[in-house]
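*Asks:*
Protein chains: 2
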Amino acid sequence: MSTPADLRTLLGIELPIVQAPMAGGFTTAELVAAVSNAGALGSAGAAYLTPSAIHALVAEIRLRTQRPFAVNLFAGGIEAGEADPAPMLALLGPLHDRFGIPPPQAPGAWPYDFEEQLAAVIDAGVPIVTFTFGLPGDAAIARMRAAGRTVIGTATTVGEARRCEAAGCHAVVAQGAEAGAHRGTFLVPFEAAMIGTIALVPQVVDAVGVPVIAAGGIVERRGVAAARALGASGVQCGTAFLDTVEAGTSAPHRRALAAARDRDSVVTRAFSGRPARGLVNAFEQQVDARPDAILPYPQQNALTRPLRNAAAAAGDPENISLWAGQAAPLMLHDVTAADVVRDLAAGWA
Amino acid sequence: MSTPADLRTLLGIELPIVQAPMAGGFTTAELVAAVSNAGALGSAGAAYLTPSAIHALVAEIRLRTQRPFAVNLFAGGIEAGEADPAPMLALLGPLHDRFGIPPPQAPGAWPYDFEEQLAAVIDAGVPIVTFTFGLPGDAAIARMRAAGRTVIGTATTVGEARRCEAAGCHAVVAQGAEAGAHRGTFLVPFEAAMIGTIALVPQVVDAVGVPVIAAGGIVERRGVAAARALGASGVQCGTAFLDTVEAGTSAPHRRALAAARDRDSVVTRAFSGRPARGLVNAFEQQVDARPDAILPYPQQNALTRPLRNAAAAAGDPENISLWAGQAAPLMLHDVTAADVVRDLAAGWA
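From first to last, the protein sequence lines are chains A and B.
Per our numbering, the very first residue in the first sequence carries number 42; after that it's consecutive.
Per our numbering, the very first residue in the second sequence carries number 42; after that it's consecutive.
1. Any idea if B:Glu325 is buried or exposed, counting beta-carbon neighbours within 10 angstroms, 16 or more meaning buried?
2. Between the C-alpha atoms of B:Gly134 and B:Leu336, what's the straight-line distance to the nearest angstrom?
3. What are the boundary residues of the alpha helix (DSSP H) that includes B:Val246?
4. Against chain A, with Cβ distances strictly below 8 Å, would B:Leu271 count as a contact?
5. State the DSSP-derived secondary structure class of B:Met42, mapped to helix, strand or coil.
6. Would you call A:Gly237 buried or exposed, if buried means 16 or more other Cβ atoms sit within 10 Å of its Cβ?
7. A:Pro243 versus chain B: which residues are under 8 Å apart at the beta carbon?
8. Taking C-beta pairs closer than 9 Å, name the residues in chain B that A:Val199 reaches, listed in chain order.
9. Could one say the Cβ of A:Met42 lies closer than 8 Å to chain B's Cβ atoms, at least one of them?
10. Which residues, taken in chain order from the region 212-239 of chain A, show a beta carbon closer than 7 Å to some beta carbon of chain B?
11. Suppose you measure from the CA of B:Ala74 to the CA of B:Gly189; what does that come to, to the nearest Å?
12. If A:Pro144 sits next to A:Arg331, beta carbons under 8 Å apart, how far is it from one beta carbon to the other, in whole angstroms?
13. Could you tell me whether any Cβ in chain A is nearer than 8 Å to the Cβ of B:Gly391?
14. Curious, which full-length alpha helix (DSSP H) runs of at least 4 residues does the region 234-311 of chain B contain?
15. Cβ of A:Met63 within 8 Å of Cβ of A:Ala222?
16. So, does the CB of B:Ala267 fall closer than 8 Å to a CB anywhere in chain A?
17. Here's the rule I'm using: 16 or more other beta-carbon atoms within 10 Å means buried, otherwise exposed. How should B:Gly250 be labelled?
18. Identify, in the order they occur along the chain, each residue of the same chain with its Cβ nearer than 8 Å to the Cβ of B:Arg296, setting aside the five sequence neighbours on each side.
19. In its own chain, which residues sit with a C-beta less than 7 Å from the C-beta of B:Ala292, not counting the 5 before and 5 after it?
20. Looking at C-alpha atoms only, which residue of A:Ala240, A:Gly122, A:Pro109 and A:Arg103 is the closest neighbour of A:Pro339?
21. Check whether the region 251-269 of chain A touches the region 376-387 of chain A, counting contact only when three or more Cβ pairs, one atom from each stretch, lie closer than 8 Å.
22. Work out the CA separation of A:Val328 and A:Gly149 for me, nearest whole Å.
23. Near B:Gly86, which residues of its chain fall below 6 Å by C-beta distance, leaving aside the five closest residues on each side in sequence?
24. Ordered along the chain, which non-local residues of its own chain (more than five positions away) have a Cβ less than 7 Å from that of B:Thr286?
25. Mind checking whether B:Asp126 and B:Leu344 have CB atoms under 8 Å apart?
26. At 4 residues or longer, what runs of the alpha helix (DSSP H) sit wholly inside the region 138-218 of chain A?
27. Go to A:Ser77, then tell me how far its alpha helix (DSSP H) extends in each direction, as first and last residue.
28. Out of B:Thr173, B:Leu159 and B:Thr198, which one is the CA nearest neighbour of B:Met185?
29. With 16 as the cutoff for other CB atoms within 10 Å, does B:Glu157 come out buried or exposed?
30. Runs of 3 residues minimum, wholly inside the region 312-383 of chain A: which ones carry the beta strand (DSSP E) assignment?
31. Using only the alpha-carbon positions, how far apart do B:Cys205 and A:Gly117 sit?
32. Give the DSSP bridge partners of B:Pro223, in chain order.
33. Could you pull out every residue in the same chain whose Cβ sits closer than 6 Å to the Cβ of B:Phe231, ignoring the five residues on either side in sequence?
34. Compute the beta-carbon to beta-carbon distance between B:Arg108 and B:Asn78, rounded to the nearest angstrom, for a pair I have assumed lies under 8 Å.
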């Protein structure tokens, strides 16, 4: 059984609070640095960045903070197999027309190579490297450990947490079903791993010897206090930071978060092909009505990206991914990252 | 905002812990009385009892305890409409053969009338009356209040909690998605109300002025401590009591609980026609593969009852409902109800 102090010592931070990595432009260098400067751990989601973009982002973060920070990658999740893109292209066509962008095209090769991304993260000297969708190979973890890097995996089941520990992770994030955006599940079907945080965290704490970071449904001090009561060594919060001034969240996404109700949350494959939690909107409903047309991850992700970018630019919340955890109605709005860290920290005290 | 003391005063109990009502023979008079005698609140699930059986159960409870106890009814949930039972009858036929019971027959009229049950509960002088699947009419609630009864509703969303408060409930159970057995949802589609306890409870606490009882994923002291941190005035635990010596749980159900893993949980309509959480087994998988054949609640419930009874008697865990919440792997086994109350109470202290 680990103690809270372990995690703070392990990560070199004052507060056992991790700002969740959120790939897709949310975790700007400003956000990551502001969180770390506030005494918590900022994390950059780098899964949709090329190696050179990773180097640039890390340099930007380093300009803004001397403190530890983390970078996260998707270590898996790519589904093999051919899928006919025609039905989804037909669905997207009228939406592209509406936003005045060129017709959708069948996605080409996924532009992000995990091994190259990982090499960039290591080369850039990132002190804390976190993974979701799986883990890198044992050799890569051993190399990071030998180089003094801290390695953290993401688990949505007890079995995944044990796998993370066995693979050499220094800590594990236990991601409950309430969590926003992509599920980290990698050993079982997604449906079998929709375990609520209050049930998952103590089971993971009992199963592994490394510190457990609770995630899912934690956006303010009460959730943090609950996670501590469950035996977690710290918390990871994503949604909580989505409406901070430093985050890269689009304006329509922020407005949707401010209007979010408890029952507006859905886990959907509509945007990326991989189950992820967000707020219901028109695109989600239109696509989920056609489940057979959804391409596997990451093809669906690539295919819907132009529309989502155009909709975000147009200020339209109905055709973008509105990632949010189930506790979104409790989040703070129009605040700084330091404000959020302060509120969360009050729950641990 | 309510305080924990409110609930104890309201219910006349020492510990803010409610043993969940579990219809179907689990909540024996012995269990209810043992929980109340231990300082918590025992609850009898009476939804599948006739008025005379309700009177008999209440009398049995009164023989065993002088303390307050609760009786629960299903206040709604009956789905109207015709459905063809032929496909489900065909599916059940070979299973009936296997257990040597007469062929399944299309269900007749549901034998339990809510208004008659409610009259029995009131006539029997039950001090605390709790509801799920909805609420009785305002007049009935007013009558119970005028008679000095305490009325508690069940909510799975903020809107349902507000409805409970507006209807005159003295307290509300906030049932998170982790909870075992039937979902209490009555105002929105079930899928929209699968909100994890850590996210739901603080939202409900903020929304209503009556005490909030947290339910879902709480089977031992850490869950209780978490619920308190979330602002709950108490907890309701069902799974925690399923393997006590006083409970009416069948032997194969107890064995399945002892073997439960975190990822074995599923919400299914297979047994009753209404979504309920239990452990995966052969019957659940066989029926959920044929969703169009499942009859509405309570017809499916009536139709599958003979098979479940036969399977339970035969000690077969694969053809009974294995109700369990997501924290089942953390529960105590082969203990008394007082042992469970003691463990849960340690989390509130």
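Backbone N, C-alpha and C define an ideal beta-carbon position, used for all residues, glycine too.
None of the values given here were measured: they were computed from a predicted structure.
*Replies:* Reading off the structure:
1. Along the second sequence, read from residue 1 onward, the residue named residue 325 of chain B stands at position 284. The residue in question, B:Glu325, is buried, as its Cβ has 16 or more Cβ neighbours within 10 Å.
2. In the second sequence, residue 134 of chain B corresponds to position 93, counting from 1. In the second sequence, residue 336 of chain B corresponds to position 295, counting from 1. When rounded, the distance between both Cα atoms is 16 Å.
3. Numbered from its first residue, the second sequence carries residue 246 of chain B at position 205. From DSSP, the alpha helix (DSSP H) with B:Val246 extends over Thr238 to Ala248.
4. As a first step, residue 271 of chain B is located in the second sequence; it is residue number 230 there, counting from the start. With 8 Å as the cut-off, B:Leu271 counts as an interface residue toward chain A.
5. Along the second sequence, read from residue 1 onward, the residue named residue 42 of chain B stands at position 1. Bear in mind that a pLDDT of 49 at B:Met42, under 50, signals an unreliable position, so the model cannot answer this.
6. As a working note, residue 237 of chain A is residue 196 in the first sequence. When all chains shown are included, A:Gly237 counts as buried.
7. Translated into the one-based positions of the first sequence, residue 243 of chain A becomes position 202. For A:Pro243, the residues of chain B that pass the 8 Å Cβ criterion are Glu261, Arg263, Gly264, Ala368 and Leu371, in the order they occur in the chain.
8. Translated into the one-based positions of the first sequence, residue 199 of chain A becomes position 158. Result: Arg302, Asp303, Arg304 and Pro370.
9. Here residue 42 of chain A refers to the residue found at position 1 of the first sequence. With a pLDDT of 49 at A:Met42, under the threshold of 50, the modelled position of that residue is not reliable, and the figure given next carries that caveat. Taking Cβ atoms only, chain B never reaches closer than 8 Å to A:Met42, which makes this a no.
10. Gly217, Ala218, Glu219, Val229, Ala233, Ala234, Ile236, Gly237, Thr238 and Ile239
11. Taking the first residue of the second sequence as position 1, residue 74 of chain B is located at position 33. Taking the first residue of the second sequence as position 1, residue 189 of chain B is located at position 148. Approximately 21 Å between the Cα atoms of the pair.
12. Reading the first sequence from its first residue, position 103 is the one you call residue 144 of chain A. Reading the first sequence from its first residue, position 290 is the one you call residue 331 of chain A. 18 Å between Cβ atoms; not a contact.
13. Residue 391 of chain B lies beyond the residue range present for chain B, which begins at 42 and ends at 390; the question has no answer from this structure.
14. Listed in chain order, the complete alpha helix (DSSP H) runs (minimum 4 residues) inside the region 234-311 of chain B are 238-248, 262-270 and 292-299.
15. One-based indexing of the first sequence puts residue 63 of chain A at position 22. One-based indexing of the first sequence puts residue 222 of chain A at position 181. Judged by their CB atoms, A:Met63 and A:Ala222 are nearer to each other than the 8 Å cut-off.
16. Within the second sequence, the letter at position 226 stands for residue 267 of chain B. Closer than 8 Å: yes.
17. As a first step, residue 250 of chain B is located in the second sequence; it is residue number 209 there, counting from the start. By the neighbour-count rule (16 or more Cβ atoms within 10 Å), B:Gly250 is not buried but exposed.
18. The residue you call residue 296 of chain B lines up with position 255 of the second sequence. Excluding residues within five positions, the ones whose Cβ falls inside 8 Å are Pro358.
19. Counting from 1 along the second sequence, the entry for residue 292 of chain B is found at position 251. The residues are Gly356.
20. Taking the first sequence and counting its residues from 1, the one referred to as residue 339 of chain A is at position 298. Ranking the options by Cα distance to A:Pro339, first place goes to A:Gly122.
21. yes
22. For the purposes of this step, residue 149 of chain A is identified with residue 108 of the first sequence, where counting begins at 1. For the purposes of this step, residue 328 of chain A is identified with residue 287 of the first sequence, where counting begins at 1. In a straight line, the C-alpha of A:Gly149 is about 21 Å away from that of A:Val328.
23. Working through the second sequence from its first residue, we reach residue 86 of chain B at position 45. Counting only Cβ-Cβ distances below 6 Å, and skipping sequence neighbours, we find Pro62, Met63, Ala64, Thr68 and Asn113.
24. Here residue 286 of chain B corresponds to residue number 245 of the second sequence, with the count starting at 1. Reading off the sequence, residue 286 of chain B comes out as Val, not Thr. Thr377, listed in sequence order.
25. If you number the second sequence from 1, residue 126 of chain B lands on position 85. If you number the second sequence from 1, residue 344 of chain B lands on position 303. It should be noted that the sequence gives Pro, not Asp, for residue 126 of chain B. Yes, the pair counts as a contact, with Cβ atoms nearer than the cut-off.
26. 155-164, 179-187 and 199-207
27. Residue mapping note: residue 77 of chain A aligns to position 36 of the first sequence, counting from 1. It spans Ala70 to Asn78 - the alpha helix (DSSP H) in which A:Ser77 sits, taken as one unbroken run.
28. Position 144 of the second sequence, counting from 1, holds the residue named residue 185 of chain B. It is B:Leu159 whose Cα lies nearest to the Cα of B:Met185.
29. The residue you call residue 157 of chain B lines up with position 116 of the second sequence. B:Glu157 is exposed by the Cβ-count criterion.
30. Runs of the beta strand (DSSP E) inside the region 312-383 of chain A: 317-320.
31. Counting from one through the second sequence, the residue named residue 205 of chain B turns up at place 164. Counting from one through the first sequence, the residue named residue 117 of chain A turns up at place 76. For B:Cys205 and A:Gly117, the distance between alpha carbons rounds to 45 Å.
32. Start at 1 with the first residue of the second sequence, and residue 223 of chain B comes out as number 182. The question names Pro, yet the displayed sequence has His at residue 223 of chain B. Answer by DSSP bridge pairing, in chain order: B:Ala317.
33. Counting from 1 along the second sequence, the entry for residue 231 of chain B is found at position 190. Here the set comprises Arg224 and Pro316.
34. As a first step, residue 108 of chain B must be located in the second sequence, where it is residue number 67. As a first step, residue 78 of chain B must be located in the second sequence, where it is residue number 37. Right, the Cβ-Cβ distance comes to about 6 Å (below 8 Å), so this counts as a contact.
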